[in-house]
Amino acid sequence: MHFPSLFSLAMCLFSAAIYGQKQPMKFGKIPAEDLAMTVYSLDTSAAAVVLCDYGEITFEDTRTKGLGINFYRHKRIKLLKPSGFHEGDISISFYDKDRTEYVKGLKAVVTAPNGTETEVSKKDFFEEKVNDYWSRIRFTCPNLQAGAVIEYSYEIVSDRIFALPDWYFQEDIPVRWSEIRMGIPEWFNYVFLSEGGPFKISEQATENKQMNISGTGFPVKLTTYRFAEENLPALKKEPYITTMDDYYKSLRMQLSSVRYPNTPPQEVMSTWPEVAKQLLQSHEFGEQFQKKRFYDKAWKAVEADLSGLTATEKADKIYQFVCVNLQAEDGWGKWVRESLNDCFEKKSGRRNELNLLLIALMQEAGIEAHPVLVSTRDHGKMFDLYPFLDQFNHVLALAVPDGKPVLMDAGNPFRPLGYPGEYALNGAGWVVDKDNPQWISINPPSGSETYFLKMELATDGSLSGTVSMSSDGYSAVDEREQLHGSDDGGPLKKRLMKRFPDARVDSLSYSNEEELTKPLKAVATCHLANMATVNGDFIYMAPALLGSFQENPFKLEKREYPVDFPHPFKERVILQVAVPEGYAVEELPEPINLSLPNEGGSFKFQMEQQGMGIQLVSTVQINQLHHSPEEYIGLRNFFDQVAEKMGEQLVLKRIP
Numbered sequence: 053m054h055f056p057s058l059f060s061l062a063m064c065l066f067s068a069a070i071y072g073q074k075q076p077m078k079f080g081k082i083p084a085e086d087l088a089m090t091v092y093s094l095d096t097s098a099a100a101v102v103l104c105d106y107g108e109i110t111f112e113d114t115r116t117k118g119l120g121i122n123f124y125r126h127k128r129i130k131l132l133k134p135s136g137f138h139e140g141d142i143s144i145s146f147y148d149k150d151r152t153e154y155v156k157g158l159k160a161v162v163t164a165p166n167g168t169e170t171e172v173s174k175k176d177f178f179e180e181k182v183n184d185y186w187s188r189i190r191f192t193c194p195n196l197q198a199g200a201v202i203e204y205s206y207e208i209v210s211d212r213i214f215a216l217p218d219w220y221f222q223e224d225i226p227v228r229w230s231e232i233r234m235g236i237p238e239w240f241n242y243v244f245l246s247e248g249g250p251f252k253i254s255e256q257a258t259e260n261k262q263m264n265i266s267g268t269g270f271p272v273k274l275t276t277y278r279f280a281e282e283n284l285p286a287l288k289k290e291p292y293i294t295t296m297d298d299y300y301k302s303l304r305m306q307l308s309s310v311r312y313p314n315t316p317p318q319e320v321m322s323t324w325p326e327v328a329k330q331l332l333q334s335h336e337f338g339e340q341f342q343k344k345r346f347y348d349k350a351w352k353a354v355e356a357d358l359s360g361l362t363a364t365e366k367a368d369k370i371y372q373f374v375c376v377n378l379q380a381e382d383g384w385g386k387w388v389r390e391s392l393n394d395c396f397e398k399k400s401g402r403r404n405e406l407n408l409l410l411i412a413l414m415q416e417a418g419i420e421a422h423p424v425l426v427s428t429r430d431h432g433k434m435f436d437l438y439p440f441l442d443q444f445n446h447v448l449a450l451a452v453p454d455g456k457p458v459l460m461d462a463g464n465p466f467r468p469l470g471y472p473g474e475y476a477l478n479g480a481g482w483v484v485d486k487d488n489p490q491w492i493s494i495n496p497p498s499g500s501e502t503y504f505l506k507m508e509l510a511t512d513g514s515l516s517g518t519v520s521m522s523s524d525g526y527s528a529v530d531e532r533e534q535l536h537g538s539d540d541g542g543p544l545k546k547r548l549m550k551r552f553p554d555a556r557v558d559s560l561s562y563s564n565e566e567e568l569t570k571p572l573k574a575v576a577t578c579h580l581a582n583m584a585t586v587n588g589d590f591i592y593m594a595p596a597l598l599g600s601f602q603e604n605p606f607k608l609e610k611r612e613y614p615v616d617f618p619h620p621f622k623e624r625v626i627l628q629v630a631v632p633e634g635y636a637v638e639e640l641p642e643p644i645n646l647s648l649p650n651e652g653g654s655f656k657f658q659m660e661q662q663g664m665g666i667q668l669v670s671t672v673q674i675n676q677l678h679h680s681p682e683e684y685i686g687l688r689n690f691f692d693q694v695a696e697k698m699g700e701q702l703v704l705k706r707i708p
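Our numbering puts the first residue of the sequence shown at 53, with every later residue one more than the last.
See below:
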C-alpha cells in the first residue's frame, strides 16, 4: 500500500515571524502583468492557471463551544482560453451537521483584461445540502472572457478541531503559487500527512502568547507553520485512476492527542481495536445489526424462505432478498440514519444501510458476518497506520457461509454474490470484528467479454452475418444494467451502431438475462456496409471489428500517478470471414504475442487462412491491477502495440 510522507509534531500557534509576513496577495490588487498575460509561459497549452491560492488556519474562541478553527482562503485564477471558463464554476464545501461549520465573508470578483470589475452578487450564492453531513455554496462567475481574472475569498468557522482543513497545492491546471499558514496551540498534537514530497518552503517558528477562551486568559506557546509551492504543473486525469486527490501535492492534518493546562494528556487518535469496540457499541452502527428490534421486520419477511437450506444457500437467498426488495439511494456513508427496519419498510436505503441489513440477517440466520469499512475509488486511498474514521465512506458485508468468506454489496439486482460494486474496489477494507479487527485485501473477480463474428464479405466491401456476445463477471453486471429497461436493443446493438453508424441490425436476442451466475449472451444478425475498401483488383479490410482498444487509452508520454484498474479483465474477439468468390488472400497481418512483466497482462493476435475463409483470434488480458508510474511506459507501449495491430489490414486479390 502506498503511504504519503508522515511527520508527527507536538504542535503549538501564531508567530510574528511567520504571520507577520505579508500575505502573497491583496484582494483586488491584481498586478498589471497578470491582467496582460495571454499565455502562461511554463505551460503554453494551459487554458487557465492558478495565479495564487492562499490559506490561513487559526485557532479562536467560539464563545459558545470553546476553542475552534477559522480557515481563511483567498484564490486568484487567470483565464486564458474559453476551454478554461469552467473554472468560473465555484463550489465551497463545509461540514453542516449540527451547524458544526459555517461560511462567512464570501466575496468574488471577475476582473476583465482592461481592469473592469464585475462583482458576483450575494443573491447568486446558492447553498445546498450534499448529504446528511455536508453542504456547499455554489456560484458561477459572470462576464468571463479570455484574459479575465477570477478572484474570491471566504472564511469557514468550525469547531472540528480534530481534523484541520486539507490543503491541495496542485490541481488539474497549473499553479503558480500555493501557500498555507497555520498556528496551533501547544495543547494539540497533530499527525501531518503530506503527498508529493518535500515542500519548496517549509518554515516553523514559536513564541509565547496569551489566549482567551470563554473569557479566561491562558498563557500558551504557539508555533506557526508556513508551507508553500510554486510553478506546479497541471496534473490531468487519465483513464483508470481512483481519484486525483490522492496524487495532487497536498497536506492533511489529524488530531492525535490533547493536553489542556492542568489536565492529563488525552489520546484522541485511538487504536484499531478500540475503534472497532466503539463502532460496535454505537447506536448508528453496531446496535443496528446486533439488536433484533432494529431489523426484526425484515427477518420475519425472509425467515420462512431459509428453511432447509445450507449456509451458502441461505447467504445467497438473503442477498437476493435484500437486492430485489430494497433500492439503493444516492449517497455514501457509514452510519444508519434511522433504523434498518425503517429501510425495509420504505424499501430503500443507502448502500451501507442495505449492507448492514445483510449482516443483521446473516447473523440471525447463524452465518458469521462482519462489516468491512472501505473508501470508494472516488473518495481516495486508505491508511492502515492510523485509525482515521473519516477515510472511510462506505460499508461492505463480509459473510463466511460454510467456512468460505464472501464479500457482498447490496443495491444492484444485477450483481451476483461476491461482486462488490466497482466503486468499492479500492484495494483493501477494514473488518469491524470485536475479536479480530483487521485489514483485508479486496481481490475482485474478473470481467470477460467475448465476441464471435461469423461474416461473409461481399465484393462491394460490405459484411453480412451474425455477431454473438458473451459477457461474464463484472462485464456481465455492466451489460445487464444497460439491458434493463432498454427498448433500443440493449448493449450489443448500441455497440454495433456506435462503431458502425450505417449498420443494419435485422434481429437480436438475449439469453440468461436473469441468471446472474451465468454469462449474459446475445446474438445479432446484421449487415455492415463499407467495411472494406475496394480498389481495382484488391480489397483491404481491418479485421479487428470489435474490441475496446482500437485506440490506446493512455495518451500521456509520462504519468506521475499510477494506473489502477478496478478488476482483472479479458476481452476476446473471434472473427470468421468468408472470402468472396473469385478472390484469394494476398496478405494477412502478422501474428503477435505480447506479455507484461510478472504475468501482468498479455495480448495475442493470430490470423490465418482456413479453406476459403479467414479466422482471427485476438485476446487482450489484464491481470495486474496496480501499475506504478515507473511501469507506465511499458504499459503504454503495450497498448500502443495493441491499437496498432488492431488497425492492420488484410489484403485480398482478384484471381485472374
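Even for Gly, the Cβ is constructed at its ideal location relative to N, Cα and C.
Residue i: first and last residue of the uninterrupted beta strand (DSSP E) it sits in
i, result
"Asp487", "From DSSP, Asp487 is part of no beta strand (DSSP E); its letter is neither H nor E."
"Ala88", "From DSSP, Ala88 is part of no beta strand (DSSP E) but of the alpha helix (DSSP H) over Ala84 to Ala88."
"Cys104", "Ala100 to Asp113"
"Asn587", "Thr585 to Asn587"
"Cys578", "Leu572 to Leu580"
"Asn241", "Phe240 to Glu247"
"Gly499", "Gly499 to Leu509"
"Ser522", "Leu515 to Gly525"
"Arg402", "Ser400 to Arg402"
Proximity below 7 Å, CB of residue i to CB of residue j
i, j, result
"Lys386", "Asn404", "yes"
"Ser210", "Glu153", "yes"
"Ala576", "Leu560", "yes"
"Leu459", "Pro472", "yes"
"Met698", "Ala584", "no"
"Gly499", "His619", "yes"
"Glu259", "Leu245", "no"
"Arg128", "Cys104", "yes"
"Val715", "Val182", "Because the chain is modelled from 53 through 708, residue 715 falls outside the range shown and cannot be assessed."
"Asn195", "Val162", "yes"
"Phe655", "Val703", "no"
"Asp218", "Arg278", "no"
"Ala198", "Lys133", "yes"
"Glu501", "Ser523", "yes"
"Leu378", "Pro468", "no"
DSSP state of residue i mapped onto helix, strand, coil
i, result
"Ser135", "helix"
"Pro453", "helix"
"Asp218", "strand"
"Gly542", "helix"
"Gly140", "helix"
"Glu612", "coil"
"Glu533", "helix"
"Ala380", "strand"
"Gln342", "helix"
Cβ neighbours of residue i in the same chain (closer than 7 Å, five flanking residues each side left out)
i, result
"Gly481", "Val424, Leu425, Val426, Leu448, Ile492 and Ile494"
"Ser600", "Glu623"
"Ile707", "Gly634, Tyr635 and Ala636"
"Ala417", "Leu358, Lys366 and Ile370"
"Thr518", "Lys506, Val575, Ala576 and Thr577"
Cross-strand partners of residue i (DSSP beta bridge)
i, result
"Thr671", "Arg624 and Lys656"
"Met263", "Phe270"
"Trp186", "Tyr147"
"Cys395", "None; Cys395 has no bridge partner."
"Thr170", "Val162"
"Lys130", "Val101 and Val201"
"Gln306", "Ala215 and Val243"
"Arg556", "His579"
"Ser561", "Val575"
"Tyr635", "Arg706"
"Tyr154", "Val209"
Close beta carbons around residue i, own chain, < 6 Å, minus the five adjacent residues each side
i, result
"Asn464", "none"
"Glu462", "Per the sequence presented here, residue 462 reads as Ala, with Glu not at that position. Correct list, in chain order: Val374, Cys375, Leu406, Asn407 and Leu410."
"Ser309", "Asn241, Pro317, Glu319 and Val320"
"Gln306", "Ala215, Val243 and Phe440"
Segment limits, alpha helix (DSSP H) that includes residue i
i, result
"Asn195", "Here Asn195 belongs to no alpha helix (DSSP H), and DSSP marks it neither H nor E."
"Glu223", "Element bounds for Glu223: n/a, residue is neither H nor E."
"Tyr371", "Ala363 to Asn377"
"Gly663", "Gly663 -> no alpha helix (DSSP H), and no H or E assigned at all."
Residue-level contact to chain E via CB, residue i, 7 Å cutoff
i, result
"Met593", "In the displayed structure, chain E is absent; only one protein chain is listed."
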